[in-house]
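Position 238 of the sequence shown, counting from 1, maps to 290 under this note's numbering, and the rest follow consecutively.
In this text, a Cβ means the ideal position worked out from N, Cα and C, and glycines have one as well.
Below: the structure, in structure tokens.
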Amino acid sequence: MWNQFFLLEEYTGTDTQYVGKLHTDQDKGDGNLKYILTGDGAGSLFVIDENTGDIHAAKKLDREEKSLYILRAKAIDRKTGRQVEPESEFIIKIHDINDNEPKFTKDLYTASVPEMSGVGIIKTALPDMSRENREQYQVVIQAKDMGGQMGGLSGTTTVNITLTDVNNNPPRFPQSTYQFNSPESVPLGTHLGRIKANDPDVGENAEMEYSIAEGDGADMFDVITDKDTQEGIITVKQNLDFENQMLYTLRVDASNTHPDPRFLHLGPFKDTAVVKISVQDIDEPPVFSKLFYLIEVDEDVKEGSIIGQVTAYDPDAMNNLIKYSIDRHTDMDRIFSIHSENGSIFTLKPLDRESSSWHNISITATEINNSKQSSHIPVFIRILDINDHAPEFAMYYETFVCENAKPGQLIQTISVMDKDDPPRGHKFFFEPVPEFPLNPNFTIVDNKDNTAGIVTRKDGYSRNKMSTYLLPILIFDNDYPIQSSTGTLTIRVCACDNQGNMQSCSAEALVLAAGLSTGALIAILLCVIILLVLVVLFAALKRQRKKEPLIISKDDVRDNIVTYNDEGGGEEDTQAFDIGTLRNPEAREDSKLRRDVMPETIFQIRRTVPLWENIDVQDFIHRRLKENDSDPSAPPYDSLATYAYEGNDSIANSLSSLESLTADCNQDYDYLSDWGPRFKKLADMYGGDDSDRD
């Protein structure tokens with residue numbers, strides 16, 4: 053094995069350590085050959101004697117740094133420099149010695165072992181070691197080489213051992229009873245207090261939840277768990293009432309949420325505590341028997357009628373008296389009122405569903421002994437519909453009929469409206485007025501769908517004879533009580549084309565349509581001018597006629613009879629001029645029909661308003677004029693209405709001397725001079741001295 057050498061590490065001798073010797077058969081010992089060493093550490097770690105081939109280690113070697121070196125050797129002729137043999141390779145191995153003690157990879161080790169664990173690489177010296185008693189341990193471990201034999205080296209390390217937690221402890225309340233107080237008016241969800249059970253475990257092993265066991269107060273209170281502090285919070289679940297119950301006793305359980313099945317044999321992992329809650333009495337406002345009130349009332353209810361009632365009571369033990377009132381901000385019109393003692397609601401004004409179908413008011417209940425304690429309740433009043441409105445035309449109709457209309461032709465469809473709202477819906481009926489059931493010109497056809505059609509009854513209409521027709525229509529509904537009204541439809545007669553389209557309805561157009569020639573129009577105009585000239589001449593001659601004096605001689609004091617040869621309006625106009633009206637305007641015969649109105653346009657006789665006594669003549673005329681202007685039965689053409697009313701209570705009494713012969717004494721006419729210039733002539737005639745009277 054010449055090509056493999058061995059060398060001890062960590063050589064501590066004084067001389068260099070001999071490794072080995074190289075030699076070639078070509079070496080004759082004459083010094084002609086030279087040995088050369090190359091490779092790992094040649095010349096530094098390893099040196100060779102070039103004459104003898106001896107190899108020595110120049111330095112101390114460490115196997116742990118490098119355990120093997122590869123070197124090459126050759127022998128050359130000193131003179132020629134030629135290799136006498138091929139280059140050879142050899143290995144130097146470093147023998148190990150026990151010069152290093154065992155060393156741990158870490159100076160400090162950290163380990164964790166669950167408490168209550170069994171054996172392992174590192175065993176627990178005591179059974180059932182408890183983390184709660186001691187959590188941290190420190191162990192020093194020594195390692196020896198050479199199997200622990202003499203001369204071997206050793207090393208040590210430290211191991212910190214932590215006992216990890218397991219859920220082997222149940223929660224425990226520090227006290228068995230807790231006491232809390234709560235006012236009776238606290239809102240729902242209010243926190244009354246906190247309780248906490250202790251658990252020696254940590255982390256999730258110490259997590260717990262709280263619950264209320266069945267029993268007294270289980271439905272009145274609740275408990276929630278604070279996950280951060282592991283506390284149980286007692287809250288209010290339902291409204292408390294001191295008068296109903298003053299004390300509640302709860303049983304609250306605290307249990308682990310993550311129990312370990314290995315330790316269930318140690319017992320139940322929960323604990324129970326008693327929680328007592330005292331309810332404190334406070335002064336509460338009145339309480340209404342309902343959350344709101346709904347009252348329905350007919351709109352025709354009489355004023356002062358009771359329509360409903362609200363009730364409230366004092367929930368306190370004192371049971372104070374209650375007074376009621378209406379919040380006037382919700383009843384600005386003061387339509388309703390309430391009895392302050394018994395809460396009866398009654399009306400102050402008539403109700404009208406068509407004006408307002410709902411009234412929302414607020415009722416206040418207040419304790420008489422403490423006005424600060426009050427409560428409010430909404431009252432919704434629904435006004436029920438009563439059939440108190442008569443149907444009427446839905447709109448104003450501009451109706452016309454063509455002059456060339458044929459019988460049975462529909463000229464207008466009418467519809468009506470009603471402010472009432474019957475529950476079964478509207479149903480209207482159309483009929484002629486009873487006074488004129490059969491109209492010769494038009495027929496009313498009920499379509500049975502709340503509309504009616506106006507149909508012609510004759511062939512052709514003439515604007516020359518009648519330009520406008522008034523058709524009264526009786527409309528009534530089917531609700532109870534039945535309401536009816538009479539609507540008048542104004543129908544104009546118009547000229548139409550062949551398709552029935554209106555062209556003109558005015559009277560002027562009728563004249564132009566007659567086709568008069570220019571000569572005829574001029575002749576008519578001349579006749580009118582001649583007539584006007586005759587009227588002017590007649591008036592001029594009448595003014596020039598000398599009037600005969602009423603009394604020819606001043607001395608002639610006998611009674612004179614003045615005759616007025618005016619026979620009035622004629623026997624065909626006795627209704628227009630009635631001499632009885634001069635004596636008593638209220639005694640005229642209103643029941644007689646007017647003869648200046650055509651019968652077919654009359655639908656109802658108008659009743660005039662009775663005159664007051666001692667009415668002024670001017671007022672009388674104005675009243676009668678207003679009645680005729682607003683009379684719907686008046687004809688569309690001009691008519692004469694004579695009002696010959698001289699008035700009442702003349703301060704002059706009668707000026708006639710027809711009855712003067714029956715007087716016992718002579719009459720005194722001196723007062724005539726006090727009546728002003730209008731009576732000066734009479735004062736001169738009758739106001740003379742006694743000789744004149746004789």
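Here N221 carries a coil assignment [DSSP, helix/strand/coil]. Classified as buried, F273 has 16 or more neighbouring CB atoms from the shown chains inside 10 Å of its CB. Counted as a single uninterrupted DSSP element, the alpha helix (DSSP H) harbouring M737 occupies residues K732 to Y738. The shortest C-alpha to C-alpha distance from I397 to any of R405, K479 and V353 is the one to V353.
Annotated three-state conformation of D148 is coil, per DSSP. Residues T382, P430 and F432 of the same chain have their beta carbon placed closer than 7 Å to that of N412, with the five preceding and five following residues left out of the count.
Within the model, the alpha-carbon separation for K424 versus T418 is close to 8 Å. C454 is bridged by DSSP to C546. Using a Cβ distance threshold of 7 Å, Y230 and G269 do not count as a contacting pair. Contact check for M518 and V485: beta-carbon distance about 19 Å, past the 8 Å limit, so the pair fails to qualify. DSSP places Y723 within a helical segment (H, G or I) once states are collapsed to three.
Between N491 and L523 a beta carbon distance of about 7 Å is seen, short of the 8 Å cut, so the two are scored as contacting. By the C-beta criterion, the segment 64 to 71 is judged to be in contact with the segment 106 to 122, since at least 3 inter-stretch pairs fall below 8 Å.
Our two residues, I581 and S514, have alpha carbons roughly 30 Å apart in a direct line. F294 and A369 have their C-alpha atoms roughly 9 Å apart. Secondary structure note for Y521: its beta strand (DSSP E) is the uninterrupted segment T520 to D529. Within the segment 395 to 480, no complete alpha helix (DSSP H) segment of 4 residues or longer occurs. Shown here, D352 sits in coil according to DSSP, grouped into three states, outside any helix or strand. Beyond the five residues adjoining it in sequence on each side, S228 comes within less than 8 Å, by CB distance, of A325 and V326 in the same chain, given in chain order. Put simply, the segment 244 to 259 does not touch the segment 330 to 344. Fewer than three CB pairs are less than 8 Å apart. Taken through DSSP and simplified to helix, strand or coil, A306 comes out as strand. Each of V288, N553, P475 and N220 was checked against the Cα of G245, and the nearest Cα belongs to V288. In this structure, the alpha-carbon of L541 lies about 12 Å from that of A504. If you compare the alpha carbons of Y738, P459, F445 and S725 with that of F482, the shortest gap goes to F445.
Taking C-beta separations shorter than 8 Å and ignoring five residues to either side along the sequence, the partners of I438 in its chain run D350, E351, D352, R405 and D472, following chain order. Secondary-structure assignment with DSSP links F232 through a beta bridge to I329.
Distance from the CA atom of L113 to the CA atom of D129, rounded to whole angstroms, is 33 Å. With contacts defined by Cβ atoms closer than 7 Å, T208 and Q194 form a contacting pair. When DSSP reads this structure, S263 sits in a beta bridge with D305. According to the DSSP assignment, A369 belongs to no beta strand (DSSP E), since it is labelled neither H nor E.
Between the C-alpha atoms of V218 and L60 there is a straight-line separation of about 56 Å. Note on the segment 58 to 97: whole beta strand (DSSP E) runs with a minimum of 3 residues are 69 to 73 and 85 to 91, in chain order. As DSSP reads the structure, E483 sits in a beta bridge with L526. Taken atom to atom, the span from the alpha-carbon of L89 to that of H147 is near 22 Å. Residue pairing by DSSP places N212 opposite T162 and Q190 in a beta bridge. Taking each of P443, E236, D253 and Y189 in turn and checking the Cα distance to Q282, the smallest one comes out for D253.
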